[in-house]
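Residue numbers (our numbering), protein chains in the order written: chain A, 1396 to 1706; chain B, 85 to 363.
We put the beta carbon where it would ideally sit given N, CA and C, even for glycine.
No experiment lies behind these values; they were computed from the predicted model shown.
What follows is a set of notes on a single structure, which appears directly below.
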């Protein structure tokens, strides 16, 4: 009994003082550090230390096979900016981004608008649209390889039935990227539909009611209310798609292995090829750092945009 | 006019839904066909493009009991890795999320900022040094390389911290008065209150690991230890002609995930919404 009251007393003493933000309780502080420690250790060992390492390695000629390393200063970077294959791989990544961004954004916003209003089958349609997101990359790419097949692929059957020319997208360097793009959109649209849906649900309904009272048409409502208020969401979707496109690798690995003739080789594929097939760790890492600089720049733009959007 | 608009709307919705799932339905139906049949009905559009004429389970049998490519084994490997990662992610990251949400300690702001800044470092950039680190630890070709670096989820910390912050301080104070230690308070009050976000994080982590391709491709060389995605990709390039078996293998690796998703989709979608709202 006494111990309980004693504990209550000491608690009532510490409780008000704990409201002060500047006071740190020793016990609490030690516990807190123990709670943070495991993830903080992981962060330091597997994120920040490798990041530092990457920085150092990118200035080295580091060949894993002969295990030779030597410091070569900016040579890796200098060769990279004139390396036609590397520049081509960056171009492929951006090509993917530039085509995918408008199409994917439009479709995912369209889908979100279609299923926004609740009716009986909303849930079913939302699930159906979302299923490609859950299908794993390797499976999706494998199945699409067959879908694109010229003789028996289902896509060419549809084209044939519609009396359109058939083609095997993946064996022609000019069209192979389109094959990757179609798969990318098919797999990505559902994800961004959900993001748009969340954005749409944040728009206050009374704005639409007011607009209706004023006699605005549906189309006017969309361009005057929906789109401007979705600014933030749209910016997020565009930036995420760009970053994903720059980091694109899995689809390409399985669908085309970078071919035909390197036509679908993306930046990450190039890094993999350099570092793990040709064992040029330093060169591959320098390429990865250039990639990081690009992603960082896009992220900074993103933060800037969102800060402005808040005011 | 209104009626016309709604018919048009439903038509568009149905067409898009069909495009979304046709590849998957086709994969499943193809996996149930004998090889000779797979392309027999593909020259024109008809019902047998999707409905097998002579349904068979032979493809599954061959894939599952194959000596060279034991797909059940790859699935077991992947279940083991993805399962352990998921459990560890929940434990490790909920602990820090709790500390960031409810505890006071010096350096909290800086440490938290470090975590958040890690969000812009793509895993692709640290691929080479992390591989060298695995090599140095002697973890290549072992599941340690797949599990231990994956235990950290900065997004998980961010997500859980939001939920933990909403738990009223009074409840935690009351637990303290009753003499509960911080660990006790965490495990019997905070965690049970956060079941939905924990399911969200668990599902995202599990699916993410089920899908992982590049990292297992790099660190695992022993075929018997390989993950399902790498196995499928390798299978389809080796057995390039035996499409029935490829479809069966893809179906085996997809159906469990699809079922898991259908049951828990609410949580998964919640997680995506969170990542979008964050901005």
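Cα-Cα separation, residue i to residue j
| i | j | result |
| --- | --- | --- |
| residue 1479/A | residue 1469/A | 18 Å |
| residue 1406/A | residue 186/B | In this predicted model, residue 1406/A has a pLDDT of only 42, less than 50, meaning its place in the structure is not dependable enough to derive any value. |
| residue 221/B | residue 228/B | 10 Å |
| residue 194/B | residue 208/B | 25 Å |
| residue 219/B | residue 226/B | 11 Å |
| residue 1622/A | residue 1505/A | 12 Å |
| residue 90/B | residue 1616/A | 18 Å |
| residue 279/B | residue 1610/A | 46 Å |
| residue 109/B | residue 1588/A | 22 Å |
| residue 1491/A | residue 1572/A | 7 Å |
| residue 1416/A | residue 1447/A | Below a pLDDT of 50, predicted positions are generally treated as unreliable, and residue 1416/A, at 49, falls in that range; no measurement from the model is reported. |
| residue 1600/A | residue 1607/A | 11 Å |
| residue 1425/A | residue 235/B | 23 Å |
| residue 1489/A | residue 1689/A | 11 Å |
| residue 1543/A | residue 1577/A | 11 Å |
| residue 239/B | residue 1545/A | 42 Å |
| residue 1556/A | residue 1534/A | 27 Å |
| residue 1503/A | residue 1465/A | 49 Å |
| residue 1471/A | residue 1455/A | 8 Å |
| residue 252/B | residue 1434/A | 25 Å |
| residue 1442/A | residue 1524/A | 35 Å |
| residue 181/B | residue 1686/A | 30 Å |
| residue 1459/A | residue 303/B | 15 Å |
| residue 1693/A | residue 106/B | 35 Å |
| residue 1670/A | residue 1591/A | 38 Å |
Per-residue contacts from residue i into chain A (C-beta, under 7 Å)
| i | result |
| --- | --- |
| residue 93/B | 1509 |
| residue 345/B | 1529 |
| residue 195/B | 1431, 1435 |
Residues bridged to residue i (per DSSP)
| i | result |
| --- | --- |
| residue 1465/A | 1456/A |
| residue 1448/A | BP columns for residue 1448/A are empty, so no partner. |
| residue 1675/A | 1458/A |
Beta-carbon neighbours of residue i, restricted to chain B and to distances below 7 Å
| i | result |
| --- | --- |
| residue 1645/A | 297, 298 |
| residue 1679/A | 212 |
| residue 1449/A | 209, 210, 212, 213 |
| residue 1674/A | Result: empty, since nearest Cβ-Cβ is about 10 Å, beyond 7 Å. |
Residue i classed as buried or exposed, judged by whether at least 16 other C-beta atoms fall within 10 angstroms
| i | result |
| --- | --- |
| residue 1404/A | Below a pLDDT of 50, predicted positions are generally treated as unreliable, and residue 1404/A, at 39, falls in that range; no measurement from the model is reported. |
| residue 346/B | exposed |
| residue 1423/A | buried |
| residue 337/B | buried |
| residue 1596/A | exposed |
| residue 1581/A | buried |
| residue 306/B | exposed |
| residue 1487/A | buried |
| residue 321/B | exposed |
| residue 255/B | exposed |
| residue 313/B | buried |
| residue 1673/A | exposed |
| residue 262/B | exposed |
| residue 265/B | exposed |
| residue 1540/A | buried |
Per-residue contacts from residue i into chain B (C-beta, under 8 Å)
| i | result |
| --- | --- |
| residue 1545/A | Result: empty, since nearest Cβ-Cβ is about 11 Å, beyond 8 Å. |
| residue 1642/A | 206, 208 |
| residue 1484/A | Here the premise fails: no neighbours, minimum Cβ distance about 13 Å. |
| residue 1466/A | Within chain B, no residue comes near residue 1466/A; the closest Cβ sits about 16 Å away, beyond 8 Å. |
| residue 1472/A | The premise fails here: residue 1472/A is roughly 15 Å from chain B at the closest Cβ pair, so nothing lies under 8 Å. |
| residue 1696/A | What residue 1696/A touches in chain B: nothing, since even the nearest Cβ is about 12 Å away. |
Per-residue contacts from residue i into chain B (C-beta, under 9 Å)
| i | result |
| --- | --- |
| residue 1496/A | Within chain B, no residue comes near residue 1496/A; the closest Cβ sits about 16 Å away, beyond 9 Å. |
| residue 1611/A | The contacting residues do not exist; residue 1611/A stays about 17 Å from chain B at best. |
Under 8 Å from the C-beta of residue i: neighbouring residues of chain A
| i | result |
| --- | --- |
| residue 111/B | 1534, 1538 |
| residue 177/B | 1434 |
| residue 97/B | 1509, 1510, 1520 |
| residue 205/B | 1442, 1446, 1687 |
### Task
Decide if the stretch 1507-1517 of chain A is in contact with the stretch 328-337 of chain B; the criterion is three or more beta carbon pairs, one per stretch, under 8 Å apart.
Not touching, per the Cβ criterion.
### Query
Counting pairs of Cβ atoms below 8 Å between the stretch 1567-1577 of chain A and the stretch 93-100 of chain B, do you hit three or more?
No contact exists between the stretch 1567-1577 of chain A and the stretch 93-100 of chain B.
### Query
So, do the stretch 343-362 of chain B and the stretch 275-285 of chain B have three or more beta carbon pairs nearer to each other than 8 Å?
yes
### Query
If we count Cβ pairs, one from each stretch, closer than 8 Å, do we get three or more for the stretch 1493-1500 of chain A versus the stretch 1625-1636 of chain A?
Under the three-pair Cβ rule at 8 Å, the stretch 1493-1500 of chain A counts as touching the stretch 1625-1636 of chain A.
### Cβ contact check for the stretch 198-213 of chain B and the stretch 1646-1656 of chain A: 3 or more pairs under 8 Å
Under the Cβ criterion (8 Å, minimum of three pairs), the stretch 198-213 of chain B does not count as touching the stretch 1646-1656 of chain A.
### Message
Taking contact to mean 3 or more Cβ pairs, one atom from each stretch, closer than 8 Å, check whether the stretch 264-279 of chain B and the stretch 234-250 of chain B are in contact.
### Response
These segments touch.
### Message
Whether or not the stretch 288-297 of chain B and the stretch 162-170 of chain B are in contact is what I'm after, with contact meaning three or more pairs of Cβ atoms, one per stretch, closer than 8 Å; do they touch?
### Response
yes
### Query
Should the stretch 1578-1592 of chain A be regarded as contacting the stretch 1519-1539 of chain A, the criterion being three or more beta carbon pairs within less than 8 Å?
yes
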